[in-house]
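Undergrad: Each number in the working numbering corresponds to the 1-based position in the sequence shown with 8 added.
Glycine included, each C-beta is placed from N, C-alpha and C at the ideal position.
Keep in mind that this is a model prediction, so the values were computed, not measured.
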Amino acid sequence: MDNLYQDYTNYWGVWRATCRMKIRYAVTLLLWVMFVPAFITGAVAGPNDEPAAPAITTNLATYPSNQVPRYARFEATLLLNAAYSNPFDPQVVSIEGHFISPGGQELVQPGFFYQDYQLSRLNGAESYHPVGEPTWKVRFTPREPGVYRYFIRVRDQNGVVDTGVETFEVISSANPGFIRISPRNKRYFEFENRRPFLGFGLNVAWWYSEGSRLATYEYFFNRMQEHGANLARVWMTNSGRNQDWILSIQDQTLGNDYNLEEAWAFDRILELAEQKGVYLLLTLDDVNQFTYNWSNNLYNSSLGGPCAYRSELFTDLEARQYQQRVLRYIIARWGYSPNILSWELFNEIDELQWSDTEHWDRGAMIDWHAQMARYIQTVDAHRHLVNTSTGSFKTHPDLYGLPEMGLAEMHFYYVANCCDYAPSDPAGRDMADLTRYYAHLVYNSVTDKPSLIGEWGLLDEYWNPSPFLQADDQGVHLHNGLWSSLMSGMAATGLHWSWQYHQLHDTAWWRHYRALRNFFEGVYLPDLTVMKPLNVTFSFPNGADNRPPAFASTNNALRLMGLRSGDRVYAWVQNTGNTWWNYTHGIPPIPQSGLITVYGFRAGKRYSVEWWDTYATASQILARQEVTALGDGSIQLTVNQLETDRAFKVSLLLPERNRVPLILK
Numbered sequence: 009m010d011n012l013y014q015d016y017t018n019y020w021g022v023w024r025a026t027c028r029m030k031i032r033y034a035v036t037l038l039l040w041v042m043f044v045p046a047f048i049t050g051a052v053a054g055p056n057d058e059p060a061a062p063a064i065t066t067n068l069a070t071y072p073s074n075q076v077p078r079y080a081r082f083e084a085t086l087l088l089n090a091a092y093s094n095p096f097d098p099q100v101v102s103i104e105g106h107f108i109s110p111g112g113q114e115l116v117q118p119g120f121f122y123q124d125y126q127l128s129r130l131n132g133a134e135s136y137h138p139v140g141e142p143t144w145k146v147r148f149t150p151r152e153p154g155v156y157r158y159f160i161r162v163r164d165q166n167g168v169v170d171t172g173v174e175t176f177e178v179i180s181s182a183n184p185g186f187i188r189i190s191p192r193n194k195r196y197f198e199f200e201n202r203r204p205f206l207g208f209g210l211n212v213a214w215w216y217s218e219g220s221r222l223a224t225y226e227y228f229f230n231r232m233q234e235h236g237a238n239l240a241r242v243w244m245t246n247s248g249r250n251q252d253w254i255l256s257i258q259d260q261t262l263g264n265d266y267n268l269e270e271a272w273a274f275d276r277i278l279e280l281a282e283q284k285g286v287y288l289l290l291t292l293d294d295v296n297q298f299t300y301n302w303s304n305n306l307y308n309s310s311l312g313g314p315c316a317y318r319s320e321l322f323t324d325l326e327a328r329q330y331q332q333r334v335l336r337y338i339i340a341r342w343g344y345s346p347n348i349l350s351w352e353l354f355n356e357i358d359e360l361q362w363s364d365t366e367h368w369d370r371g372a373m374i375d376w377h378a379q380m381a382r383y384i385q386t387v388d389a390h391r392h393l394v395n396t397s398t399g400s401f402k403t404h405p406d407l408y409g410l411p412e413m414g415l416a417e418m419h420f421y422y423v424a425n426c427c428d429y430a431p432s433d434p435a436g437r438d439m440a441d442l443t444r445y446y447a448h449l450v451y452n453s454v455t456d457k458p459s460l461i462g463e464w465g466l467l468d469e470y471w472n473p474s475p476f477l478q479a480d481d482q483g484v485h486l487h488n489g490l491w492s493s494l495m496s497g498m499a500a501t502g503l504h505w506s507w508q509y510h511q512l513h514d515t516a517w518w519r520h521y522r523a524l525r526n527f528f529e530g531v532y533l534p535d536l537t538v539m540k541p542l543n544v545t546f547s548f549p550n551g552a553d554n555r556p557p558a559f560a561s562t563n564n565a566l567r568l569m570g571l572r573s574g575d576r577v578y579a580w581v582q583n584t585g586n587t588w589w590n591y592t593h594g595i596p597p598i599p600q601s602g603l604i605t606v607y608g609f610r611a612g613k614r615y616s617v618e619w620w621d622t623y624a625t626a627s628q629i630l631a632r633q634e635v636t637a638l639g640d641g642s643i644q645l646t647v648n649q650l651e652t653d654r655a656f657k658v659s660l661l662l663p664e665r666n667r668v669p670l671i672l673k
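1. Let me know the secondary structure DSSP gives H377 once reduced to three states.
2. How far does the alpha helix (DSSP H) with A84 in it extend, from its first residue to its last?
3. Beta-carbon separation of N201 and A80 under 8 Å?
4. How about the segment 278-296 and the segment 208-228: do they share at least three Cβ pairs that are nearer than 8 Å?
5. Around the C-beta of V242, are 16 or more other C-beta atoms found within 10 angstroms, so that it is buried, or is it exposed?
6. According to DSSP, what are the bridge partners of Q126?
7. Please list, in chain order, all residues of the same chain as T143 whose beta carbon is under 7 Å from its beta carbon, the five residues on each side excluded.
8. Tell me which same chain residues have a C-beta within less than 6 Å of the C-beta of D514, skipping the five on either side of it?
9. Please list, in chain order, all residues of the same chain as L660 whose beta carbon is under 7 Å from its beta carbon, the five residues on each side excluded.
10. How about R151 and S102: are their beta carbons less than 8 Å apart?
11. In angstroms with no decimal places, state the Cα-to-Cα distance between R221 and W215.
12. Regarding V454 and the ligand GDP, is the C-beta to nearest heavy atom distance less than 7 Å?
13. Tell whether a beta-carbon distance below 8 Å holds between T605 and Q644.
14. With a threshold of 16 other CB atoms inside 10 Å of the CB of A435, please say whether the residue is buried or exposed.
15. Looking only at its chain, what residues have a beta carbon closer than 6 Å to the beta carbon of G639, apart from the 5 residues adjacent to it on each side?
16. Can you tell me whether P95 is buried or exposed, with buried defined as 16 or more other CB within 10 angstroms of its CB?
17. Excluding sequence positions up to five away, which residues of its chain have a Cβ less than 7 Å from the Cβ of F205?
18. Let me know if T562 comes out buried or exposed under the rule of 16 or more other beta-carbons within 10 Å of its beta-carbon.
19. Let me confirm a value: W351 is counted as buried when at least 16 other C-beta atoms fall within 10 Å, else exposed. Which label applies?
20. For Q633, count neighbouring C-beta atoms within 10 Å of its own C-beta (all shown protein chains included) and say buried if the count is 16 or more, exposed if not.
21. What are the residues that DSSP puts in a beta bridge with L210?
22. Looking only at its chain, what residues have a beta carbon closer than 7 Å to the beta carbon of I48, apart from the 5 residues adjacent to it on each side?
23. Would you tell me roughly how many angstroms separate the C-alpha atoms of R522 and M439, rounded to the nearest one?
24. For I108, name the three-state secondary structure that DSSP assigns.
25. What does a CB cutoff of less than 6 Å around S547 pick up in its chain, not counting 5 residues either side in sequence?
26. Kindly identify the DSSP beta-bridge partner or partners of C315.
27. Quickly, what does DSSP pair G167 with across the bridge? List them, please.
28. Enumerate in chain order the residues of its own chain whose CB-to-CB distance from H367 is below 6 Å, with the five nearest sequence positions on each side excluded.
29. In angstroms with no decimal places, state the Cα-to-Cα distance between Q251 and T625.
30. Taking the straight line between their C-alpha atoms, what separation do you get for A560 and L268?
31. How is N488 classed by DSSP in three states: helix, strand or coil?
32. Quick check for students: name the residue ranges of the alpha helix (DSSP H) that lie wholly in the segment 328-416, counting only runs of 4 or more.
33. Ignoring anything shorter than 3 residues or poking outside the segment 556-601, list the beta strand (DSSP E) runs there in chain order.
34. Measuring only the C-alpha atoms, how far is T455 from Y446?
35. For the segment 171-182 against the segment 468-486, are there 3 or more C-beta pairs whose distance is under 8 Å?
36. Inspect the CB distances between the segment 295-313 and the segment 351-366 and report whether three or more fall short of 8 Å.
If you want it as structure tokens, here you go:
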């Protein structure tokens, strides 16, 4: 017991830390002071004692008739009558929920240490206050209707104890479930109920300040819901606490002290996302913490960490234990949620090679991703996707192509007056073409999974937000990048980086998401393919793309991009003079006209064409026409005096008796 007493000789210091929301121990310190005899005789497990069976409460009473809707959260709260030196280390204490589905499958979800808080707001500033004593929780999402059985297992240095088996009933719901790679078209996502998921979104990587944690996400998730956006990339990086504006549950000492106040705030953020229909690409670590911020990084051996140099992160066994420990906590706490699209292991991991050239081992980096993804699958009962991201303006097929990676993600920017490896002037002035170029690179780096642009935007020569972001008050670059990314086969729109400018320009920028979402509503994803323009040659890993062109224009100033699904075509026509550069420099685009030819239809068949306004958020169908496919299977469409851009849909015209009237909402 000497070590146990030593752990608590500084209990007042720990209690003060608790009041500062930096909780270190899963113990009620005041009760320790008041009831030492009780702890010694039973509540604190002795060297020969089994763990005490926990008292359990659940959230069943929050559901009508105690029935949990399918894909809703079941939560069990445990009170352990024991004290642990490190409640975040599963080697010290491990809580697991064992759930047996109606079909007989046993799923194991880890539990986590938890402190409740109360949020208060004064003059717009948020503050958080601990409520009650620390507890343990297990969160689980049932995926089948019927009766589930479950028990909780507690394991510590004294042994293992299981609670009695309990049950709860699951009823059907409208929730579509978790997002998976579509088995019908691996370029896209779909929900477990087979409904397609096409992402429309942006980065909302962090809150603005410690006093605006929820307020930041309340604004963005509300606006996203209003304007049809459904995907946000959010960071949860190990920041070493030198950047308190980034959510980081890892705090002060590596693997031993998680910030439960920020974790509680993220509980609310995730719940808000669930309410607003927003799905999260959750970025778990950032390469900048191992490059620019290495001197403050908790893994640095000069600060007591295990890594003498940066790249040792991928090979050091102690570092891997810490990584797995924090991953286990994150998954235990938030892995229940269907609104997490993927666990993104690292932001721009390839950038580390430039800061640690002496020790850089690409093979070790790739192997680390495979091993960490496999570890996640052992603790994530709900089998979320796992991915990573790259940011060197190059693709990494060997990394994206790992079977453990669920999607390919790369980043690009226009960088003013920059280097030879980043797009600058004049190429970067045309965001539609620039987006198409990078989308093509990442799309063709894999063949069996979705791909997306996880960051993009405008930067100045110092890699800070460009002043053109403010000057582009109508979001011309945003508009062109969004349309170009989806028309290039991405599984989601490019996720714009500078989210604060969405708030600055508000509706003028947000409207672009609604217009695009409306156009793609109801589009059948499983057999969509990217159409090849006449004047563009794509290069694939195995050589050039020799497919015949899908469409062409008599006017090179009319850019064509599109997708095909059988007899249906979804296409975008852009006046190439409608660019953010021209707009911010007061250069109006010259109206363009031309004849568009679209190939691949059935000769002699009649087709319906709808022309869409790409800027309006309602009543977007401008005109309808009927055309007959020529003998070579092409149709021809006329564009007159196009100033900006338009979109069109082509579909086989059904016989009169089979037509269904179109009702515009």
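TA: With the structure as the only source:
1. helix
2. From DSSP, A84 is part of no alpha helix (DSSP H) but of the beta strand (DSSP E) over 82-87.
3. no
4. yes
5. buried
6. Answer is H137.
7. T85, L86, L87, Y122
8. Nothing listed; no residue qualifies.
9. D575, K613, Y615
10. no
11. Their backbone Cα atoms lie some 5 Å apart in a straight line.
12. The ligand content of the structure shown is nil, which means the ligand GDP is not present either.
13. yes
14. exposed
15. A611
16. buried
17. I187, F197, E198, F199
18. exposed
19. buried
20. Exposure of Q633 is indicated by the presence of fewer than 16 other C-beta atoms within 10 angstroms of its C-beta.
21. A240, H504
22. Residue placement at I48 is poorly supported in this model, since its pLDDT is 26, which falls under 50; the coordinates are not used for a value here.
23. Cα to Cα, R522 sits roughly 20 Å from M439.
24. In the three-state reduction of the DSSP assignment, I108 falls in the strand class, which pools E and B.
25. Residue placement at S547 cannot be trusted, given a pLDDT of 46 that sits under 50; what the coordinates show is reported in the next sentence. Contacts found: none.
26. N308
27. BP columns for G167 point to D164.
28. Y317, S319
29. Note that Q251 scores a pLDDT of 44, beneath 50, so its modelled location is shaky; the value from the coordinates is reported in the next line. Rounded to the nearest angstrom, the two C-alpha atoms are 38 Å apart.
30. 57 Å
31. Reduced to three states, the DSSP call for N488 is helix.
32. 370-387, 405-408
33. Look at the segment 556-601 and you find these whole runs of beta strand (DSSP E), each 3 residues long or longer: 559-561, 566-573, 576-583.
34. Each residue's alpha carbon lies about 16 Å from the other.
35. no
36. yes
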